[in-house]
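Numbering (the working numbering), first residue to last: 1241 to 1838.
Below, the structure written as structure tokens:
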């Protein structure tokens, strides 16, 4: 009995394994409609099992550039693909073409493209004389996922009227080399990032036929099918769909890569100190595309962040009144910019005065009329851990100048009005900037504190702004130095105030001065610098900042004094302290030597 049961179990297991094996005879298949023939814009597709004479899959009303996900289909049996009209009721109704697929391998994955045109004589011939007739193009050993954390894809050249091409990831690598129509590449692996894809003739990479933006940044670990589709010249191809590059994911998602639009990066800074242009509207215009950008109520010393603007087309800037309703309303000036270069960065300054006759002439006889000053090859970040900036001399009434980082180096040498320097690299620290006449560095016109300590790795624009003599320039804004960061933040460098460091010690042992009030008095500004209240014998202050370069007095008064003139015991001139020097002042001795031992 046990033997019979054992034999039956063996037979059952054998039959189970055979049936399981048969059930496992499947392949994975993805179908993509890339036949650009207008007569095949929508079709019914039947996958037909010739062994069982039965339908495996029907794709109903399958449109041009539609795709299926990967699906299970029988392996090890001969399959046909039947293309029929979109209103077909069966595989024999409205059949357009029947194409044998053959036998698929179990466990393998395939991508099948319906490609070509039904009547090649009605369409432009392929320039490489490759047949453009309707056919199935098959990629074997397809992948539903990447084999790494990168993105993996293969490419089909599926555009019937396109010649042999290269596809170049701009500034990265050539992805497809010398691919004629119907060519299918091996899988290509790239990091998950955004790319610009340039399609060029295979023998002429200098001629870009079309460019596309391929953002693969969200596809890490995924796979895709990428294919050229449509017609380079729709007018010669029944006005069919235009050339494009399409991607299909494993789940059937279809992504049309957008045409790459050449663009530049632009930052605009208002440095025109004319009081009549204190606030303006600025329009960026193109004759064909109209208004591209408007800066509304754009104030003097305002700045934009870097923004994307079209490249490769003629641009102009229109300056208008701050209440303008459009580029033709209250227009003050129209200035052509020309064409910006793709992927380049620019900083544009609105500079000068609208009516030079109403303002002081430049001492170097440079025209101060309103204009746009342009810095090419600008930077949005530093190329190192230091701070990188360029400098514009943008003050109309200022002569040729030097800018010296005190005790460090000359940063700007012999810069005349409108001059723009190259980028300057300095460590991220705080600096005192002395502005001097170019030929007289001993004469400091103005000094500013530039604290760059937090800008390591960043870039900036530094510019001289305003008038040296506002009274001769319509009482416009006074001269200053400003910095603009890549995000549009404007920083005014504060005027440097010469300072010394001072410590005061009370060492006067006179019992009448056991406690006193001490006033440090600025005789130039006739103002109090610091008061030490009830300052006791042997007391001391820490080091504190006090003005340098201005005459100071120390006033000693009784501890009940209410001001520097009340109950004064003594006034002692200190004189001028040197900038950045340190001093210790000791109040010493006795008030009445005759009352104390000599």
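Note that the Cβ used here is the ideal one computed from N, Cα and C, for glycine as well. No experiment lies behind these values; they were computed from the predicted model shown.
For the putative contact between residue i and residue j, defined by C-beta atoms under 8 Å, what is the C-beta separation to the nearest angstrom?
{"i": "residue 1558", "j": "residue 1544", "result": "So it is not a contact: roughly 16 Å between Cβ atoms."}
{"i": "residue 1515", "j": "residue 1716", "result": "5 Å"}
{"i": "residue 1372", "j": "residue 1405", "result": "Not confirmed; about 15 Å, so no contact."}
{"i": "residue 1509", "j": "residue 1589", "result": "5 Å"}
{"i": "residue 1670", "j": "residue 1622", "result": "Contact doesn't hold; Cβ gap of about 17 Å is too wide."}
{"i": "residue 1733", "j": "residue 1690", "result": "5 Å"}
{"i": "residue 1287", "j": "residue 1321", "result": "6 Å"}
{"i": "residue 1234", "j": "residue 1662", "result": "Residue 1234 is absent from the model: the chain starts at 1241 and stops at 1838."}
Here's the rule: buried if 16 or more other CB atoms are within 10 angstroms of the residue's CB, otherwise exposed. What is residue i?
{"i": "residue 1709", "result": "exposed"}
{"i": "residue 1507", "result": "buried"}
{"i": "residue 1800", "result": "exposed"}
{"i": "residue 1305", "result": "buried"}
{"i": "residue 1398", "result": "buried"}
{"i": "residue 1778", "result": "exposed"}
{"i": "residue 1827", "result": "buried"}
{"i": "residue 1262", "result": "In this prediction, residue 1262 has a pLDDT of 42, which is less than 50 and means its spatial position is unreliable; nothing more can be read from the coordinates."}
{"i": "residue 1615", "result": "buried"}
{"i": "residue 1836", "result": "exposed"}
{"i": "residue 1820", "result": "exposed"}
{"i": "residue 1600", "result": "buried"}
{"i": "residue 1462", "result": "buried"}
{"i": "residue 1525", "result": "buried"}
{"i": "residue 1331", "result": "buried"}
{"i": "residue 1822", "result": "exposed"}
{"i": "residue 1832", "result": "exposed"}
{"i": "residue 1565", "result": "exposed"}
{"i": "residue 1576", "result": "exposed"}
{"i": "residue 1706", "result": "buried"}
{"i": "residue 1395", "result": "buried"}
{"i": "residue 1403", "result": "buried"}
{"i": "residue 1537", "result": "exposed"}
{"i": "residue 1592", "result": "buried"}
{"i": "residue 1580", "result": "buried"}
{"i": "residue 1552", "result": "exposed"}
{"i": "residue 1812", "result": "exposed"}
{"i": "residue 1768", "result": "exposed"}
{"i": "residue 1340", "result": "exposed"}
{"i": "residue 1443", "result": "exposed"}
{"i": "residue 1766", "result": "exposed"}
{"i": "residue 1609", "result": "exposed"}
{"i": "residue 1532", "result": "exposed"}
Taking the alpha carbon of residue i as the reference point, which residue from the options has its own alpha carbon closest?
{"i": "residue 1297", "options": "1802, 1285, 1603", "result": "1285"}
{"i": "residue 1594", "options": "1773, 1788, 1513", "result": "1513"}
{"i": "residue 1634", "options": "1655, 1279, 1455", "result": "1655"}
{"i": "residue 1624", "options": "1325, 1719, 1281, 1668", "result": "1668"}
{"i": "residue 1840", "options": "1636, 1649, 1682", "result": "Because the chain in this structure spans residues 1241 to 1838, residue 1840 falls outside the shown range and cannot be described."}
{"i": "residue 1326", "options": "1704, 1436, 1737, 1283", "result": "1283"}
{"i": "residue 1421", "options": "1431, 1464, 1470", "result": "1470"}
{"i": "residue 1619", "options": "1673, 1608, 1702", "result": "1702"}
{"i": "residue 1435", "options": "1380, 1414, 1329", "result": "1414"}
{"i": "residue 1367", "options": "1323, 1473, 1450, 1314", "result": "1473"}
{"i": "residue 1730", "options": "1539, 1818, 1563", "result": "1539"}
{"i": "residue 1693", "options": "1319, 1626, 1429", "result": "1626"}
{"i": "residue 1450", "options": "1456, 1438, 1459, 1444", "result": "1438"}
{"i": "residue 1345", "options": "1265, 1307, 1295, 1652", "result": "1265"}
{"i": "residue 1830", "options": "1455, 1542, 1313, 1810", "result": "1810"}
{"i": "residue 1652", "options": "1528, 1791, 1677", "result": "1677"}
{"i": "residue 1392", "options": "1430, 1376, 1381", "result": "1430"}
{"i": "residue 1674", "options": "1735, 1695, 1728", "result": "1735"}
Flag residue i as yes if its beta-carbon sits less than 9 Å from any beta-carbon of chain D, otherwise no.
{"i": "residue 1657", "result": "Here chain D cannot be found, since the structure has a single protein chain."}
Taking the DSSP output, what are the residues bridged to residue i?
{"i": "residue 1633", "result": "1704"}
{"i": "residue 1342", "result": "1319"}
{"i": "residue 1499", "result": "1452"}
{"i": "residue 1269", "result": "1311, 1350"}
{"i": "residue 1589", "result": "1509, 1613"}
{"i": "residue 1641", "result": "1655, 1677"}
{"i": "residue 1690", "result": "1671"}
{"i": "residue 1576", "result": "1556"}
Does the beta carbon of residue i fall short of 8 Å from some heavy atom of the ligand COA?
{"i": "residue 1533", "result": "With respect to the ligand COA, the structure offers nothing, as it holds no ligand at all."}
* Asked: Are three or more beta carbon pairs between the region 1583-1601 and the region 1481-1490 nearer than 8 Å?
  -> At 8 Å Cβ cutoff, the stretches do not touch.
* To do: Take every Cβ of the region 1267-1278, pair it with every Cβ of the region 1354-1367, and state whether three or more of those distances are shorter than 8 Å.
  => Yes: at least three Cβ pairs fall under 8 Å.
* Evaluate contact between the region 1719-1730 and the region 1748-1765, counting only Cβ atoms and requiring at least three cross-stretch pairs below 8 Å. => No, the region 1719-1730 is not in contact with the region 1748-1765.
* Asked: Are at least three pairs of beta-carbons, each pair with one atom in the region 1771-1787 and one in the region 1743-1750, less than 8 Å apart?
  -> Short answer: they touch.
* Decide yes or no for the touch test of the region 1359-1367 against the region 1380-1393: beta carbon pairs closer than 8 Å, at least 3 of them. => Counting Cβ pairs under 8 Å, fewer than three are found: no touch.
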